[in-house]
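Peer 1: Residue numbers (our numbering): 6 to 897. The beta-carbon is built from N, C-alpha and C at its ideal position, and this holds for glycine as well.
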Ligand code: ATP
Ligand code: MG
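Next comes the structure, spelled out in structure tokens:
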């Protein structure tokens, strides 16, 4: 039975039993900060189980895409662990409980295939239950009719489920199928989990727990008023069972990838393994790893994850790299993904059609990552191999942490790979040393960044100011000046000051301020603050701890005292130019997504007066024609004179409205949304223009790469954009004048001129060659007789090309009498070096004279060619005559 059919039967069974079918959530579990990827079907229903939200249906069923990073090391070695897999699940929210869950599962598992079930033989099914869950034992035994000896009681570790936090928890019951003696030892799931394959886990959420120390240590508060059901059936595991194959990697959705990898590497899969996964040949394990990881990579990129150095991006990178590594270990060193990914796509697209639609994007990331990693591997492996050899030679069995760190730091060689390669060579790695060096480097980078931002002040001084008066109110969304009390004055090193005098640099905190602190890519406001007779010039504004706004300022005049009331006024021209840039950034973001797709998300930005920088994720360069269209669309939006509006709402509401949020950013419950008419809507704390028309003009300058999969555009806004265009116009006018053509013909003219110049250079070269050769007859005439051989020794004109020198030697030889032995030696000087070409005719060859021997003799071995024509060089130019002399001396 094909995987798609198993999926269909599962959903049909539960739909017929009153369940609402809910689609799979995407793999990146954005709602839960502790989880990088969805790892079970229940994850998207957690708020219902925790009572945070009312479920819209009492029963649900789904087929959820899952990714389990912790299982990565099991892949291929057991028969039942994939990184990516699909979990079929049925859920009850306070509706049916144990008996319902058990009988629904049993029915589907054992119903004959002709009646829409899976048709598992009831006599081969085993179940496990939690130690004291007599209720479940009774249902299995009395209601279902399963004999007691196939009901196994297990402890907390295996059969008690909780989330590791206070809340719902409960016993589970798992269904296993006995695959028979060829798969392992007799005795049930306690003895062999590969022969007895778990395919379905039923969780009975029955208790509320508290005082949770870990998954096995907690107190039970009591029974839950509304009990829930959460089940998970591994789609791939059931497919393996129903397709009669040994493991997950041999089912219809995975096997074609494995076969293609075997074909590429010339391996015969399975030839040296038995049915028992643990006894597999390493090559078979590697082929399974390739198949699994390629499929997982495809699914992850399909769901918008891109390779990176942390978080989700790193998991993806690690999976892709492991696939590349496995292919290399199988002996295939060229790029393999272009062969493998299309196969994976064809396996999965019937269930996930977006994979076919989005394949170009997916392929760009996957292939690009493979190529980059292959070159890292080439460089790193050599260095690592040397380090391993040295370690072994010195009798050690442990690779130094410094070496591992250097490989990582300088060559981007991943530590897990270092560990793996070292282990293959029987070495361990000083991981602790490696981690210490990593931590030191991280601390250095952090201290550095901190020092730049906060002027070396220890954050505790700021915390004290914050605690003393609460959060500072930012009033700059609606006003540009403000009267407010000076809450604190700090010196450059964080010491509180009661007053500061002329010339002094201070940090000043007001109770409320219109000054925007640098953040969200937006540059700070500048301006002035007057306090009594004192005047301060604000040089920078930062928020070193959330809730606090700190003005870094110089006292220009008079004296400033803490506790007095001051008047803060921002530089309005600067602020407006920054706000225009910020609004323009939102338009660039939205428009890029319009043209490049939803995955073109912001990766960083800078909003400065009149200019912006916008970094975003996209696999390759953005073609100039697309950039042009983006620019055009943005400027059309400006003309629509859209209102820019900001409002505060709940995070959920903002998401519903489709507001763009930064990937991986943490937001509070209440968020600020900025919208430009109906065109762009984004979560943002920055300041903006009031209407799109105020931006005047947006000019994109260029687009470039700033890392794999991350591009940067820079743009000018308003007057700055205008001045730029005006300058370019002047430049074109000047070129038009110089070339004496109308501006629109300048480009053609430059092209023509360059082409003409190139032709002229070629012509010149030809003439030079002719010049060299034209002398051939005259040179031949100067042949002298050396012990019966006609010998010509001459120097080519300075700077002659080596090919011309060779031709010259042959031309001269052709002009000499072929019936007499003849040797032609031509020396040439170029770039401070001398070279030598020797040509020998047949008559001289017959006497045993060899051109290559003569060249090697003259140049002490440095040269080569054949007996008739040879060349060499690399000695100082002054030695040219000596070379000719040497040839002459060497003649017989
Ligand atoms: P195991 O002990 O075999 O690793 P598990 O206890 O981790 O399984 P659950 O967390 O109960 O599994 O997940 C529910 C179901 O999902 C399992 O019964 C199994 O069918 C499937 N499953 C779990 N992990 C994987 C995986 N890595 N690959 C494929 N299917 C899996
Ligand atoms: Mg597991």
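Check whether the Cβ atoms of residue 241 and residue 90 lie closer than 8 Å to each other.
Peer 2: One-based indexing of the chain shown puts residue 241 at position 236. One-based indexing of the chain shown puts residue 90 at position 85. Taking 8 Å as the Cβ cut-off, residue 241 and residue 90 qualify as a contacting pair.
Peer 1: Assuming residue 223 contacts residue 216 under a Cβ cut-off of 8 Å, what Cβ separation, rounded to an integer in Å, is found between them?
Peer 2: In the chain shown, counting from the first residue as 1, residue 223 sits at position 218. In the chain shown, counting from the first residue as 1, residue 216 sits at position 211. At roughly 6 Å, the Cβ-Cβ gap stays under 8 Å, so residue 223 and residue 216 are in contact.
Peer 1: Please report the Cβ distance between residue 530 and residue 580, rounded to the nearest whole angstrom; I am assuming they are in contact, meaning their Cβ atoms lie under 8 Å.
Peer 2: Residue mapping note: residue 530 aligns to position 525 of the chain shown, counting from 1. Residue mapping note: residue 580 aligns to position 575 of the chain shown, counting from 1. Contact holds; Cβ gap of about 5 Å.
Peer 1: If I follow the unbroken alpha helix (DSSP H) through residue 584, where does it start and stop?
Peer 2: Position 579 of the chain shown holds residue 584. 577-601 is the span of the alpha helix (DSSP H), which, as asked, contains residue 584.
Peer 1: Could you spell out the range, first to last residue, of the alpha helix (DSSP H) harbouring residue 740?
Peer 2: Your numbering for residue 740 matches position 735 in the chain shown. Its alpha helix (DSSP H) spans residues 724-744.
Peer 1: Using a threshold of 8 Å, state whether the C-beta atoms of residue 509 and residue 613 are closer than that.
Peer 2: Here residue 509 is taken as the residue at index 504 of the chain shown, counted from 1. Here residue 613 is taken as the residue at index 608 of the chain shown, counted from 1. Their beta carbons are not under 8 Å apart, which means residue 509 does not touch residue 613 by this criterion.
Peer 1: Helix, strand or coil: which one does DSSP assign to residue 689?
Peer 2: Position 684 of the chain shown holds residue 689. Reduced to three states, the DSSP call for residue 689 is coil.
Peer 1: If you follow the alpha helix (DSSP H) that residue 496 is in, where does it begin and where does it stop?
Peer 2: Looking up residue 496 in the chain shown gives position 491. Note, residue 496: premise wrong, no alpha helix (DSSP H); not H, not E.
Peer 1: Considering only the alpha carbon of each residue, which of 822, 443, 895 and 243 lies closest to residue 853?
Peer 2: By one-based count along the chain shown, residue 853 stands at place 848. Of 822, 443, 895 and 243, the residue nearest in Cα terms is 895.
Peer 1: Please name the residue, chosen from 395, 15 and 714, that lies closest to residue 113 on a Cα-to-Cα basis.
Peer 2: Position 108 of the chain shown holds residue 113. Here the closest residue by C-alpha is 15.
Peer 1: Tell me where the beta strand (DSSP E) around residue 545 begins and ends.
Peer 2: Position 540 of the chain shown, counting from 1, holds the residue named residue 545. Taken as a continuous stretch (DSSP letters only), the beta strand (DSSP E) holding residue 545 covers 539-547.
Peer 1: Is it buried or exposed for residue 55, if we count other Cβ within 10 angstroms and need 16 for buried?
Peer 2: If you number the chain shown from 1, residue 55 lands on position 50. It is exposed - the Cβ of residue 55 has fewer than 16 other Cβ atoms within 10 Å.
Peer 1: Residues in its own chain within less than 7 Å of residue 596 by CB, not counting five upstream and five downstream?
Peer 2: Within the chain shown, numbered from 1, the residue matching residue 596 stands at position 591. Excluding residues within five positions, the ones whose Cβ falls inside 7 Å are 635, 638 and 639.
Peer 1: Per DSSP, residue 648 is paired with what?
Peer 2: Residue 648 sits at position 643 when you count from the first residue of the chain shown. Answer is 696, bridged to residue 648.
Peer 1: Round the Cβ separation of residue 94 and residue 63 to the nearest angstrom and send it over; I've been treating them as touching at under 8 Å.
Peer 2: As a working mapping, residue 94 is identified with position 89 in the chain shown. As a working mapping, residue 63 is identified with position 58 in the chain shown. At roughly 15 Å, the Cβ-Cβ gap does not stay under 8 Å, so residue 94 and residue 63 are not in contact.
Peer 1: Nearest to residue 170 by CA position, among 214, 150, 184 and 133, is which residue?
Peer 2: Looking up residue 170 in the chain shown gives position 165. Per the Cα distances, 214.
Peer 1: Ends of the alpha helix (DSSP H) at residue 377?
Peer 2: By 1-based counting over the chain shown, the position of residue 377 is 372. Where residue 377 is concerned, the enclosing alpha helix (DSSP H) stretches over 364-398.
Peer 1: Since residue 70 sits in a beta bridge, which residues does DSSP pair it with?
Peer 2: Against the chain shown, residue 70 aligns to sequence position 65. Answer is 91, bridged to residue 70.
Peer 1: What does the alpha-carbon distance come out to for the pair residue 348 and residue 309?
Peer 2: As a working mapping, residue 348 is identified with position 343 in the chain shown. As a working mapping, residue 309 is identified with position 304 in the chain shown. Each residue's alpha carbon lies about 20 Å from the other.
Peer 1: How would you label residue 183, buried or exposed, when you count the other beta carbons within 10 angstroms and need 16 or more for buried?
Peer 2: Translated into the one-based positions of the chain shown, residue 183 becomes position 178. Under this definition residue 183 is a buried residue.
Peer 1: Over the uninterrupted alpha helix (DSSP H) stretch that includes residue 484, give me the two end residues.
Peer 2: Here the question's residue 484 lines up with position 479 in the chain shown. It is not in any alpha helix (DSSP H) - residue 484 carries neither H nor E in the DSSP assignment.
Peer 1: Return the Cβ separation of residue 11 and residue 247 in integer angstroms, given the expectation that the two are a contact with Cβ distance under 8 Å.
Peer 2: In the chain shown, counting from the first residue as 1, residue 11 sits at position 6. In the chain shown, counting from the first residue as 1, residue 247 sits at position 242. Indeed, because the Cβ distance is near 7 Å, the residues count as touching under 8 Å.
Peer 1: Which same chain residues end up closer than 7 Å to residue 535 when comparing Cβ atoms and leaving out the 5 residues on each side of it in sequence?
Peer 2: Taking the first residue of the chain shown as 1, we reach residue 535 at position 530. Excluding residues within five positions, the ones whose Cβ falls inside 7 Å are 571 and 572.
Peer 1: Label residue 899 either buried or exposed according to how many other C-beta atoms from any shown protein chain fall within 10 Å of its C-beta, with 16 as the threshold for buried.
Peer 2: Residue 899 cannot be examined here, being either before or after the span of the chain that is shown, 6 to 897.
Peer 1: Nearest by alpha-carbon distance to residue 585: which of 558, 681, 666 and 164 is it?
Peer 2: Residue numbering aside, residue 585 sits at position 580 when the chain shown is read from its first letter. Among 558, 681, 666 and 164, the Cα nearest to that of residue 585 belongs to 681.
Peer 1: I need the straight-line Cα distance from residue 809 to residue 888, nearest angstrom please.
Peer 2: As a working mapping, residue 809 is identified with position 804 in the chain shown. As a working mapping, residue 888 is identified with position 883 in the chain shown. Distance between the alpha carbons of residue 809 and residue 888 is about 19 Å.
Peer 1: For residue 322, collect the residues of the same chain with a Cβ closer than 6 Å to its Cβ; drop the 5 residues on either side in sequence, then sort them by chain order.
Peer 2: Within the chain shown, numbered from 1, the residue matching residue 322 stands at position 317. Result list for residue 322: 312, in chain order.
Peer 1: What I want to know is whether the C-beta of residue 633 ends up closer than 7 Å to one or more non-hydrogen atoms of the ligand ATP.
Peer 2: Stepping through the chain shown from its first residue, residue 633 is reached at position 628. False, no ligand heavy atom lies under 7 Å from that Cβ.
Peer 1: Under the three-state reduction of DSSP, which class applies to residue 147: helix, strand or coil?
Peer 2: As a first step, residue 147 must be located in the chain shown, where it is residue number 142. Residue state, collapsed to three classes: helix.
Peer 1: Where does residue 807 sit, in a helix, a strand or coil, going by DSSP?
Peer 2: Your numbering for residue 807 matches position 802 in the chain shown. In the structure shown, residue 807 sits in a helix (DSSP, three-state: H, G or I).
Peer 1: Any heavy atom of the ligand ATP inside 7 Å of the beta-carbon of residue 42?
Peer 2: Within the chain shown, the letter at position 37 stands for residue 42. Not under cutoff, so the answer is no.
Peer 1: Ends of the alpha helix (DSSP H) at residue 261?
Peer 2: Locating residue 261 in the chain shown gives position 256, where the first residue counts as 1. Residues 260-270.
Peer 1: Return the chain-ordered list of same chain residues with a C-beta closer than 7 Å to the C-beta of residue 327, the five sequence neighbours on each side being excluded.
Peer 2: By 1-based counting over the chain shown, the position of residue 327 is 322. Hits under 7 Å: 294 and 298.
Peer 1: Regarding residue 175 and the ligand ATP, is the C-beta to nearest heavy atom distance less than 7 Å?
Peer 2: Counting from one through the chain shown, the residue named residue 175 turns up at place 170. No, the ligand ATP has no heavy atom inside 7 Å of this Cβ.
Peer 1: Is residue 597 near the ligand ATP, going by C-beta to nearest heavy atom under 7 Å?
Peer 2: By 1-based counting over the chain shown, the position of residue 597 is 592. No, the beta carbon of residue 597 sits no closer than 7 Å to any heavy atom of the ligand ATP.
Peer 1: Work out the CA separation of residue 304 and residue 429 for me, nearest whole Å.
Peer 2: For the purposes of this step, residue 429 is taken as residue 424 along the chain shown, with counting starting at 1. For the purposes of this step, residue 304 is taken as residue 299 along the chain shown, with counting starting at 1. Those two C-alpha atoms are separated by around 30 Å.
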